[in-house]
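Below: the structure, in C-alpha cells.
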Amino acid sequence: MRMTDVWKRDFSIQLLECALHNNFPCCQMLFQKYLHELNSSWNKLHTTLFCPTEIPECQQPDDNGSYTNVAYTRADGATNTLHYVYSSRGLPTLLVARTGLKSNMTVDWKSFLSSNYSDVKNSVTFTQKPDYAYAVVFTKLYEYDDIEDTADMEKVPANSSLWITHELSDVIWENSSVDFTQRLHTFNFSVVTSSSSLMFNGNGSLSFTLTIQGKDTRNSILPHLAFNANTSQFDVRMIGLEPAFNSSRFGLEIHLVTSLPEDTNRMDIRTHKSIDDEHSPGTFEMLDWTSEGDLQMKGAFVQWKPVCYSQFDYNTRSASKVKHYDLQNTTLALNAHPLLLYAYFGDSLSDGSLGVKALNVSYGIIGDKFYAHTGYTGWMFSVGSGLPPSDMVSLLVILVISIGLGIPVLLIAFGGITMCVKRRRDQRDSLYSDISSPYTPIQ
Amino acid sequence: MSEGERSPLLGNSQEEDRLQDDVEVELRGCGATAACDPMRPYHRYCVLFVMCFLSFGSYFCYDNPAALQDRIENDLKINTSEFMQLYSFYSWPNVVLCFFGGFLIDRVFGIRLGAIIFSTFVVVGQLLFAAGAYTGSLWLMCAGRFIFGIGGESLCVGQNTYAVSWFKGRELNMVFGLQLSFSRVGSTVNMNIMEKVYQWVETWGFNGHQCLGVTLFIAAAFCFFSLVCALLMAFFDKRANAILKTDEAKTGEVIKFSDIKNFNSGLWFICIICVAYYVAVFPFIGLGLVFFEMKWGYTPSKANAVNSLVYIISAVASPISGFCIDKTGKNIFWVISGTAVTLGCHALLAFTFLNPFIAMIIMGLAYSVLASSLWPMVAMVIPEQCLATAYGLMQSVQNLGLATISLAAGKIVDLKGYLILEVFFLCWLCVALIAEASLYILDAARGCILNRSAKERHLQAEADEESKKDH
C-alpha cells in the first residue's frame, strides 16, 4: 500500500497541531483517518453497469427527447468499495455510496425509468447496506444581466427582468459518451452529458464530465486539481450558449447531499491561501466545501480553485474567476426531480435525515466583456469523501528555490568573507611592514 | 533663453565664477546673460530642458499602440497577436540596431548630426505608421514602427551621450534620473490622452482606421517637437564648444570597430548588471496585472494601480535620487543597495501576502536609485570618443535581454506559475548582485574610479578640465 508524501506531510503537520493543543480526540481521529488513507491509497476500478441494452428506454429518448444516461463504476479498495453512479435522469447527479467489499449495486430498471415517480423510490439498492453515501446534484443554471459589470450575482438586483433561471430538470440531455482507458491500477472513466435544446438556442451546450482515477495523481487539465483514491472530478463546460442579455454572465447551483443529517455534519466553506501556484498558475486559493462527518470518515467535500477558463485553450490569459456565495440551507423536494437520489434515498430525502446544502457559483471577471465575448466557460472541481487533498509545495519548487537562491547567497557570503579576511590580513601585513620587528612587546 | 526661470538653483557658483575668469572669448548681448553663457550652470540647466525633450517624442509615440490597443484591433480588424507585431517590429531589430546607431554616432555622424538624423527617422517612422493606419494597411504600420525603432533607440543613445558630454563630473546622475523621469512622463501622458484625442478626432467626422490615422498624425507632432529639440541641441553644443574651445582640445582619436573588444572590462560587468536587473523588473510588470488580481484578489483597476507604481514612483523619484547620488558619489554602493532592496521586494511579493503596495513602492524607489546610478558609470570607464558605442552596446544588450526574458517569463508563468517566476527573477537579481560585487572588487583593484565620493569626483573633474585647456 502506497501513501503519498503529500498526505504524510499533511498528516504530520495536523498531528503536530493537535498535539500542541493537547487535543487527544483530535489526535485519535487523525490516526483513524491515517489508517483509512493507508488502506485506500489506491482503488481498483471496475465498470460493470450501464443502462442495459435490453431495456428499450435506455436506448431511446423519452417523450421530451431527453436520453437517460446512467453510468456506474465501482472502486475496490483494501477495506471497502466505493460505488459511483452518475445519471442525468431528473437532474444530473453523482451518487457515491460506500459499502464493504464484494457488494454490488442493483437497479430495477423498469421502476427507475418509470414516469410514475412513486415507482422510482428505492429502485437502486446495494447487496450490502452502504455505511455512508453522498451525492452532488446540479440543479440550476443562472443567467443574469450584469449591466454594472460587477461579476457578482449578489450585486445584481433580484429584479426578474435581469435574471433567467434555467432549471436543469427541464434540460434535454443528449446520449452520453463513455470513454475509459485501462492501465495498471489506473482507470479513467468519463461520462459526458450535454444538452442542446431550445432553451439554449441551437448550438450551445452545457456539459458535465465526470472523471475517476482511483489513485493519487493530478488532472492533466488546468487547474490540475489533485485526485486521490476517494475523489472524482467534474469538468463543467458551457460552450456557445446564446446569451439572453447584452451583458450575460452565468452561474450554477450545486447541491451536496450527505447521508448524515445536518446536526452531526456541519457544512462550511474554507479558503486556503498559498504562495505556491505551480499547479494552477495565477491561482493562489483553494476552496474546500466540507461536511465534517465523524470518526469513520463519513465526511464529503467539494473542492475547487476559484478559476475558470474563458477559452478552449486553458492558460493564464484565458483564466477567469469563479465567485462563490454563502451556503444555503435547502431541501431537495421531489418536485425538483432529484430522481437518482429518490431512487436510492427514498423517503429519507424529505424527512430531514440527510444533510443538504446548496452552493451558488458564478463565472467571470470584471472587464472580460461578459460571457458572449468568448462564448466559453470551463470549470473543474473535485468531489470526494475523507480529507480533501491539499496542495503542498512540490520538490521542484523547493529545488529551484534552494539552488537558484542558495548558490548566489553562498557565493556572495563566501566572497564577502574572503574579502574581509583578505582585508584584515592586508591591514595586518601593512601594520607589520611599518614596524621593523615582528616582536613588539605589548606594554 | 526664456526657460531661465525654470532652472533649478543648483551648482557651485564659486567654482563657475572662477572658470569664467579663464575664458578668453568675450560674450555680448544675450550671450552674456546667465542663461546663455555656456560657462554658467544656468545655461546647462536650460540645455538640460531641451535635452530631456529630445527623446520625449519617441517615448510618447512608442506606447501609442498600447494606448489605442482596442481601437487598433477594432479599426484594422486584427487580433492581439497581429497587434503585438507592432511592438516586435520595434524591439527585435533594436537588439542590434542601437549598437550600430551608437557606433555611427561615434565614428561617422558625430553626436549632433547623429541626433538630428535619428530624430528624423523617428518622425518619418511615426508618419508612416500614421499613414499605414489611415490607409488601413498593417504592413505599412509595421514598416513605420521599424523605421521609428531605428530612430528611437539610437536617439536615446545620443541623448545619453549628450548628457555625459554636458554633465560629466557635475550633475550626471541627476540628469540621467531626469531623463528617465521624462521618458516615464512621456509614456504616461500618452496612455492618458491618446484615447481622448481619438474621441476628439471622431467628432470631426473621421471614423474607423482613418480616425486612427489622424490621431497618430497628431501624435507625430511630438516627434516633430523632438526633432526641433535635436536641432536646438546641435546649435547649443556647437556654440558651447566654440566658446569653450573643447573641440580643438579633442585628441582627434576615432573609434575603430576593433576597439570594442578592448573595452574596459568594467563595461561588460555594467552590461550584465543592466540586463540582470532590468529583466527582473520590466517583464515582471508586463505580467504583474494578473498576479495582483489573483494573489490579492484586486479589481483590475486596483491591480493596474499597483502594477504601474514602479513607473509613477520612478518618474518622481529618479531626479531626486540622482541628485542624492551626485551629492554622495559612491555609485557602486548605490547600485548594490538598489539591487538588494529590489531583491527584498521581489521576495516579499513571492513569499508573503503582505500588501503589494509596500513592496511596489519600495521597488519603484530602488529602481530609480539603480537607474540613475548605473547609466552614468559607463561614462566613468569608457573614453569619450567611444561613449555612444558603449551606450549603444549596453542598450542593445538590454533590449536582447528584455526581449528573450519576456518570452521566457511568459512561458514560465504558463507552465509553472508565479512563484517559480518570482524565483526566476530573484535568481536574476542574484546574478546582478554577483556582477556588482565583482565590479566592486575590480574597481577597488583599479583605484576606485567608480566608487569615488562626490568630493573626489569634483576634484577629478576640475583636473580634467584643466588638462583639456592645457592641450
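For the protein sequence lines, the chains are A and B, in the order given.
Per this note's numbering, the first sequence starts with residue 3, numbered consecutively.
Per this note's numbering, the second sequence starts with residue 1017, numbered consecutively.
Backbone N, C-alpha and C fix where the C-beta goes; we use that ideal spot for every residue, glycine too.
Given the structure is predicted, the values throughout are model-derived calculations rather than measurements.
**Report entry** The beta strand (DSSP E) enclosing A/I241, as first and last residue numbers
**Finding:** T233 to I241
Query - 3-residue-minimum beta strand (DSSP E) runs that sit fully inside the segment 283-355 of chain A, ordered along the chain - result: 287-293, 302-306, 309-311 and 321-326
**Report entry** chain B residues whose Cβ lies nearer than 8 Å to that of A/D278
**Finding:** G1433 and L1435
Query raised in the report: What span of residues does the beta strand (DSSP E) with A/R251 cover, start to end?
Result: S250 to T260
Query raised in the report: Taking the alpha helix (DSSP H) that B/V1201 falls in, what are its first and last residues?
Result: L1188 to E1218
Query raised in the report: What residues from chain B crowd round A/V446, counting only those whose CB sits closer than 7 Å?
Result: Since the displayed chain A opens at 3 and closes at 445, residue 446 of chain A lies outside it and no answer follows.
Query - Per-residue DSSP class, three states only, for A/M107 - result: strand
Report task. Look up A/L186 in the DSSP assignment and say whether it is helix, strand or coil. Result -> A caution first: A/L186 carries a pLDDT of 36, below 50, which makes its placement in the model unreliable, though a value can still be read off. Here A/L186 sits in coil by DSSP.
Requested in this report: Could you pull out every residue in the same chain whose Cβ sits closer than 7 Å to the Cβ of A/L170, ignoring the five residues on either side in sequence?
Outcome: L93, P94, F140, T141, K142 and L143
Report task. Please list, in chain order, all residues of the same chain as B/W1444 whose beta carbon is under 7 Å from its beta carbon, the five residues on each side excluded. Result -> A1292, V1295 and A1296
Report task. Starting from A/I166, trace the beta strand (DSSP E) both ways and give me its first and last residue. Result -> W165 to E169
Query - Option in A/E280, A/Q235, A/L84 and A/P54 with minimal Cα separation from A/L397 - result: A/E280
Query raised in the report: Around the Cβ of A/A160, are there at least 16 other Cβ atoms within 10 angstroms (buried) or fewer (exposed)?
Result: exposed
Query - Span of the beta strand (DSSP E) around A/W381 - result: Y378 to S387
Query raised in the report: Expressed to the nearest angstrom, what Euclidean distance is found between the alpha-carbon atoms of B/C1446 and A/T260?
Result: 53 Å
Requested in this report: Could you tell me whether the Cβ of B/M980 comes closer than 8 Å to any Cβ of chain A?
Outcome: For residue 980 of chain B there is no data in the structure shown, the boundaries of chain B being 1017 and 1487.
Query - Backbone CA spacing between A/A153 and A/L329 [nearest angstrom] - result: 19 Å
**Report entry** Neighbour list for B/P1316 in chain A, Cβ cutoff strictly below 7 Å
**Finding:** I368 and G369
Query raised in the report: Which value, in whole angstroms, describes the spacing of the CA atoms of A/P390 and A/D218?
Result: 12 Å
Query raised in the report: Between B/I1094 and the rest of its own chain, which residues show a CB-CB distance below 8 Å, the 5 nearest in sequence each way excluded?
Result: I1088 and L1154
Query raised in the report: Relative to the alpha-carbon of B/C1245, which residue among B/L1423, B/F1285 and B/I1133 has its alpha-carbon at the smallest distance?
Result: B/I1133
**Report entry** Proximal residues of chain B, C-beta to C-beta of A/V402 below 7 Å
**Finding:** I1436 and V1439
**Report entry** Within chain B, the residues that A/L407 reaches when beta carbons sit closer than 8 Å
**Finding:** V1439, L1442, C1443 and C1446
Query raised in the report: Would a C-beta distance cut-off of 8 Å place B/K1346 and B/N1189 closer than the cut-off?
Result: no
Report task. Mind listing, in chain order, the continuous beta strand (DSSP E) runs of no fewer than 3 residues lying wholly within the segment 124-160 of chain A? Result -> 126-128 and 134-147
**Report entry** Secondary structure of B/N1371, DSSP reduced to three states
**Finding:** coil
Query raised in the report: Do you know how far the Cα of B/A1375 is from the Cα of B/L1364?
Result: 7 Å
Query - Spatial distance of A/T318 from A/S387 (CA atoms) - result: 30 Å
Requested in this report: Could you name the residues of the same chain whose beta carbon sits closer than 6 Å to that of A/R239, not counting the 5 residues immediately before and after it, in chain order?
Outcome: S209 and G380
Query raised in the report: From the beta carbon of B/N1280, is the nearest beta carbon of chain A less than 8 Å away?
Result: no
Query raised in the report: Got a sec, what are the start and stop residues for the alpha helix (DSSP H) A/M269 sits in?
Result: No alpha helix (DSSP H) contains A/M269, which is instead part of the beta strand (DSSP E) from M269 to K275.
Query raised in the report: Buried or exposed: B/F1145, going by 16 or more other Cβ atoms within 10 Å of its Cβ?
Result: buried
Report task. Tell me whether B/E1021 is buried or exposed, calling it buried when 16 or more other Cβ atoms sit within 10 Å of its Cβ. Result -> At B/E1021 the pLDDT is 38, less than 50, meaning the model places this residue with poor confidence; the figure from the coordinates comes in the next sentence. Classification of B/E1021: exposed, given that the 10 Å Cβ count is below 16.
Query raised in the report: Bridge partners of A/G357, per DSSP?
Result: A/T260
Report task. List the endpoints of the continuous beta strand (DSSP E) containing B/Y1150. Result -> Taken as a continuous stretch (DSSP letters only), B/Y1150 belongs to no beta strand (DSSP E), being part of the alpha helix (DSSP H) at G1126 to T1151.
Requested in this report: List the DSSP bridge partners of B/G1345.
Outcome: B/S1469
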